[in-house]
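Presented below is the structure to which this report refers.
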Amino acid sequence: MKIDFKGITGEELSFKLNRIKLNPEDKLDIKPQFSRQVRKVNGNEKINVIALSVKIESTEKEPKPFDIQVTLAGVFEVDELTGANDERRFVIEATKTIYPYLRTAVANLTANAYIAPLNLPVISGPLFPEDRDQYAFAVSNDLN
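All letters in the sequence shown, in the order written, are residues 226 to 369 by this note's numbering.
Shown next, in the form of C-alpha cells:
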C-alpha cells in the first residue's frame, strides 16, 4: 500500500465564547468529542478524503467557557489497497497524519480569540476505539 498525502483544508472552524461564571474551586472538564468521515472522490478511486472533527459544546449540565467546532479534510492518493485490512490501516494512518493539524487549528483558534490556547493531547496510538484492534494487529505484524 502506497499513501501520498496531497494536502489539507479547513471545512469548518467555529468558536463561540460562552459567558459563564465559574467558581475558583470548580473543575473545568472540556471533554472534546472526535469524529471522522471517510470519502472517496467520484471518478477517481485512488483519491480519498478523511475529514477529522473535534467538537466542544457547552450544556446546562456541563457548562464550558466556549463552544468549538473544527473539521479538517485531508486528501490522500492511495495505491495498491488490497482488501478491508489495508483500508483500515490507511484510515488509521491518515487519521494520525491529520490529527496534529487539528491540534494546531484548535490551539490557534482559541489563541486568536484572545483566550488561553487549548492544546489537545498528543496521541501516539489510535484516536478512535474502533481502530484499537487493527492498530495492535498492525504493530505486532510490523515487529515480526
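We put the CB at the ideal spot given by N, CA and C, even for glycine. As the structure is a prediction and not an experimental result, all values here were calculated from the model.
Own chain partners of residue 369 with C-beta closer than 8 Å, once the 5 adjacent residues on each side are dropped: Here residue 369 corresponds to residue number 144 of the sequence shown, with the count starting at 1. Low local confidence applies: a pLDDT of 38 at residue 369 is under 50, so the model's placement there is unreliable, with the coordinate-based value given in what follows. Nothing listed; no residue qualifies.
Residue 263 - partner residues in DSSP beta bridges: As a position in the sequence shown, residue 263 is number 38, starting the count at 1. Note: residue 263 sits in a beta bridge opposite 275.
How would you write the range of the beta strand (DSSP E) that residue 241 sits in, first residue to last? Position 16 of the sequence shown, counted from the first residue, corresponds to residue 241. Boundaries of the beta strand (DSSP E) around residue 241: 227-242.
When you compare the stretch 305-313 with the stretch 322-341, are there three or more beta-carbon pairs, one atom per stretch, that lie closer than 8 Å? no
Can you tell me the Cα-Cα spacing of residue 296 and residue 262, whole angstroms? Residue numbering aside, residue 296 sits at position 71 when the sequence shown is read from its first letter. Residue numbering aside, residue 262 sits at position 37 when the sequence shown is read from its first letter. If I take the Cα positions, the gap works out to 10 Å.
Closest by CA to residue 258, which one among 357, 352 and 243? Within the sequence shown, numbered from 1, the residue matching residue 258 stands at position 33. It is 352.
Using 7 Å as the threshold, is the C-beta distance between residue 231 and residue 300 below it? In the sequence shown, the residue the question calls residue 231 occupies position 6. In the sequence shown, the residue the question calls residue 300 occupies position 75. Yes.
Given a cut-off of 7 Å, decide if residue 266 and residue 272 are closer than it, judged by their beta-carbon atoms. If you number the sequence shown from 1, residue 272 lands on position 47. If you number the sequence shown from 1, residue 266 lands on position 41. In contact: residue 272 and residue 266 (Cβ atoms closer than 7 Å).
Residue 277 vs residue 323 beta-carbon contact at 7 Å: Residue 277 sits at position 52 when you count from the first residue of the sequence shown. Residue 323 sits at position 98 when you count from the first residue of the sequence shown. Contact flag set, yes.
Whole-angstrom distance between residue 237 and residue 280, CA atom to CA atom: Taking the sequence shown and counting its residues from 1, the one referred to as residue 280 is at position 55. Taking the sequence shown and counting its residues from 1, the one referred to as residue 237 is at position 12. In a straight line, the C-alpha of residue 280 is about 11 Å away from that of residue 237.
So for residue 368, helix, strand or coil by DSSP? The residue you call residue 368 lines up with position 143 of the sequence shown. Below a pLDDT of 50, predicted positions are generally treated as unreliable, and residue 368, at 37, falls in that range; no measurement from the model is reported.
What is the rounded straight-line gap between the Cα of residue 246 and the Cα of residue 270? As a first step, residue 246 is located in the sequence shown; it is residue number 21 there, counting from the start. As a first step, residue 270 is located in the sequence shown; it is residue number 45 there, counting from the start. So the two alpha carbons sit approximately 51 Å from each other.
For residue 364, count the other beta carbons within 10 Å of its own beta carbon; 16 or more makes it buried, fewer makes it exposed. Which is it? In the sequence shown, the residue the question calls residue 364 occupies position 139. Confidence is the limiting factor: at residue 364 the pLDDT is only 44, short of 50, which leaves the residue's position unreliable, though a coordinate-based value still follows. Answer is exposed; the Cβ neighbour count stays below 16.
Which class does residue 355 belong to by DSSP, given the choice of helix, strand or coil? In the sequence shown, residue 355 corresponds to position 130, counting from 1. Helix at residue 355.
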